[in-house]
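First comes the structure, then the notes that go with it.
Protein chains: 2
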Amino acid sequence: MGGSGKRLDGREYQVWRAFHRMHDQLSLALNQHLQRDAGISEPDFQVLAALAEAPGQALRSRELREDLQWEKSRLAHQIRRMEQRGLVVRDECLEDGRAATVRITDAGLTSVRTAAQAHAAMVRELFFDALTPAQLDAFDEAGTAVIERLRQRCPAEAP
Amino acid sequence: MGGSGKRLDGREYQVWRAFHRMHDQLSLALNQHLQRDAGISEPDFQVLAALAEAPGQALRSRELREDLQWEKSRLAHQIRRMEQRGLVVRDECLEDGRAATVRITDAGLTSVRTAAQAHAAMVRELFFDALTPAQLDAFDEAGTAVIERLRQRCPAEAP
DNA sequence: TCCCAAAGGTTGATGCGTCAACCAGACTAC
DNA sequence: GTAGTCTGGTTGACGCATCAACCTTTGGGA
Numbered sequence: 571m572g573g574s575g576k577r578l579d580g581r582e583y584q585v586w587r588a589f590h591r592m593h594d595q596l597s598l599a600l601n602q603h604l605q606r607d608a609g610i611s612e613p614d615f616q617v618l619a620a621l622a623e624a625p626g627q628a629l630r631s632r633e634l635r636e637d638l639q640w641e642k643s644r645l646a647h648q649i650r651r652m653e654q655r656g657l658v659v660r661d662e663c664l665e666d667g668r669a670a671t672v673r674i675t676d677a678g679l680t681s682v683r684t685a686a687q688a689h690a691a692m693v694r695e696l697f698f699d700a701l702t703p704a705q706l707d708a709f710d711e712a713g714t715a716v717i718e719r720l721r722q723r724c725p726a727e728a729p
Numbered sequence: 571m572g573g574s575g576k577r578l579d580g581r582e583y584q585v586w587r588a589f590h591r592m593h594d595q596l597s598l599a600l601n602q603h604l605q606r607d608a609g610i611s612e613p614d615f616q617v618l619a620a621l622a623e624a625p626g627q628a629l630r631s632r633e634l635r636e637d638l639q640w641e642k643s644r645l646a647h648q649i650r651r652m653e654q655r656g657l658v659v660r661d662e663c664l665e666d667g668r669a670a671t672v673r674i675t676d677a678g679l680t681s682v683r684t685a686a687q688a689h690a691a692m693v694r695e696l697f698f699d700a701l702t703p704a705q706l707d708a709f710d711e712a713g714t715a716v717i718e719r720l721r722q723r724c725p726a727e728a729p
């Protein structure tokens, strides 16, 4: 609760819009560059990066999902699309007949390596370099606080 | 420019992920509540709110686009879907044969009024109440700074 | 006048994300 | 061991967002 009532005041409204705009434009720019540089999307990149760092360069879907904090079906759809393009392969898990393990392919490795440097540079240039150290701290704490609050208030909606 | 090299360090990586997670989960929760309370999505709400506040409760597509900072086709698709559900209507503009004006319907007004209170309360509860005043300031400045930087670096990509 | 570029919008294709429904393998209780 | 449930994963439908291509009207000039 706190706050001063139900409606957002002008200041809050402005912050809220700026937050949205920042996210949308940042996401757009990063996607465009990633697409141009390596022919992959941000979701592709996240999956590939997680797999590339994993031991054996493969993960079970469950682990991948936990790592990325994605929904079940979101990952399933994403992996299907990526498999069609040859970035990953799926095979069965020996220990558990239900499970599937996702492995990065050579093509996937090439893509993610091509993308990594430029992507990181882009994130730094557009995001971190625009922030003062104090703002960075605030961002960190605020992000954590909002996530924590979401976890408390909307527990069903957290994967 | 700032920073310390191309790769993101651990701290930065963590902040970046927290930012993404915060946005995704916030967006998900807000959409779910909006859908449940008023049967509309966040994009629906943004359009309806802009129209409801406009003089004559109608705007030309161009103005709506500028207000929301959306891409041309994004708005066109959105309006088409909303028109099918009876939330808005499109009619021709007398002054300019190319233009279209979008008007909110009674059903649209009802929806947006139903949604407004609960939505604002939700944004306050999940976002603003989680932030200290200092964090709010930082968020505001940081958002503005990132947007400004985007405008400078990627001018072509800004609508 | 005629041509041509720019502006306002629309459309189709494709990828992304959610939801609800479903299926199959694994666990638990009895 | 068999019934019921839980868990891991997939699928189909649908809304959302981007891109590229397109159409029409407008507004200048030559």
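Just so you know, the protein sequences line up as chains A and B, in that order. When we follow the working numbering, the leftmost residue of the first sequence carries the number 571, and every step to the right adds one. When we follow the working numbering, the leftmost residue of the second sequence carries the number 571, and every step to the right adds one. Even glycine gets a Cβ: it sits at the ideal position worked out from N, Cα and C. Only a predicted model underlies this, so the values are computations on that prediction, with no experimental measurement involved.
CB contact check: residue i to chain B, cutoff 8 Å
i	result
Y685 (chain A)	For the record, residue 685 (chain A) in the displayed sequence is Ala; it is not Tyr. Not one chain B Cβ lies under 8 Å of A685 (chain A).
G572 (chain A)	Its pLDDT being 46, under 50, G572 (chain A) is placed unreliably in this model, and the coordinates cannot settle the point.
V716 (chain A)	yes
G713 (chain A)	yes
R673 (chain A)	no
F697 (chain A)	yes
L645 (chain A)	no
L701 (chain A)	yes
L596 (chain A)	yes
L679 (chain A)	no
L604 (chain A)	no
L720 (chain A)	yes
A608 (chain A)	no
V585 (chain A)	yes
V693 (chain A)	yes
F589 (chain A)	yes
A599 (chain A)	yes
R723 (chain A)	yes
Selected residue, minimal CA-CA separation from residue i, among the options
i	options	result
V682 (chain B)	B:E636, B:L638 and B:L604	B:L604
A686 (chain B)	B:A646, B:R587, B:D607 and B:V672	B:D607
E612 (chain A)	A:L621, A:D699 and A:L598	A:L598
F697 (chain B)	A:E711, A:T680 and A:H689	A:E711
V655 (chain B)	B:L701, B:D676 and B:C724	Looking at the sequence itself, residue 655 (chain B) is Arg, so the reference to Val does not match. For the residues B:L701, B:D676 and B:C724, the minimum Cα distance to R655 (chain B) belongs to B:D676.
T702 (chain A)	B:A624, B:P703, B:A700 and B:D707	B:D707
Q722 (chain A)	B:A700, B:F589 and B:G609	B:A700
Q639 (chain B)	A:E641, A:F589, A:T684 and A:A704	A:F589
T680 (chain B)	B:D579, B:I610 and B:P625	B:I610
Beta carbon proximity, residue i to chain A, threshold 8 Å
i	result
A704 (chain B)	yes
D710 (chain B)	yes
E582 (chain B)	yes
L664 (chain B)	no
H593 (chain B)	yes
V682 (chain B)	no
R745 (chain B)	Here chain B comprises residues numbered 571 to 729, so residue 745 (chain B) is not present and cannot be evaluated.
V617 (chain B)	no
R635 (chain B)	no
Q639 (chain B)	yes
A624 (chain B)	no
A690 (chain B)	yes
A728 (chain B)	At A728 (chain B), the pLDDT of 45 sits below 50, so the modelled position is not reliable and the matter cannot be decided from this model.
Cutoff 7 Å; reference residue i; Cβ partners in own chain excluding five residues on either side
i	result
R581 (chain B)	none
G572 (chain A)	Confidence is the limiting factor: at G572 (chain A) the pLDDT is only 46, short of 50, which leaves the residue's position unreliable and the question unanswerable from this model.
I717 (chain B)	none
Q627 (chain B)	L621, R673 and I674
M652 (chain A)	D614, V617 and V658
C663 (chain B)	R630, A669, A670 and T671
Y583 (chain A)	none
A715 (chain A)	none
A688 (chain B)	H603 and D607
T684 (chain B)	D607 and A608
Q648 (chain A)	P613 and V617
Spatial neighbours of residue i in its chain, beta-carbon cut-off 6 Å, leaving aside the 5 residues before and after
i	result
G678 (chain B)	L618, L657 and V658
8 Å contact criterion, which residue i and residue j should meet: CB distance rounded
i	j	result
F709 (chain A)	V585 (chain B)	6 Å
R650 (chain B)	D661 (chain B)	The pair is not a contact, with the Cβ atoms about 14 Å apart (cut-off 8 Å).
G667 (chain B)	M592 (chain A)	Incorrect: roughly 37 Å between the Cβ atoms, too far for contact.
A690 (chain B)	R587 (chain A)	That pair is no contact at about 13 Å.
L600 (chain B)	M692 (chain B)	6 Å
Same chain, Cβ closer than 8 Å to residue i, neighbours up to 5 away in sequence not counted
i	result
L629 (chain B)	A620, L621, D637, T671 and V672
D594 (chain B)	none
A646 (chain B)	S631
E727 (chain A)	Here the model assigns E727 (chain A) a pLDDT of 46, short of 50, so the residue's position is not dependable, and the following value carries that caveat. Counting only Cβ-Cβ distances below 8 Å, and skipping sequence neighbours, we find L720.
L596 (chain B)	L696 and F697
Near the ligand GTP: residue i beta-carbon under 7 Å from a heavy atom
i	result
V672 (chain B)	Because no ligand of any kind appears in the structure shown, any question about the ligand GTP cannot be addressed here.
- Item | Complete beta strand (DSSP E) runs within the region 616-678 of chain A (minimum length 3 residues, chain order) | Inside the region 616-678 of chain A, DSSP marks whole beta strand (DSSP E) runs of 3 or more residues at positions 628-630, 658-662 and 670-674, from first to last along the chain.
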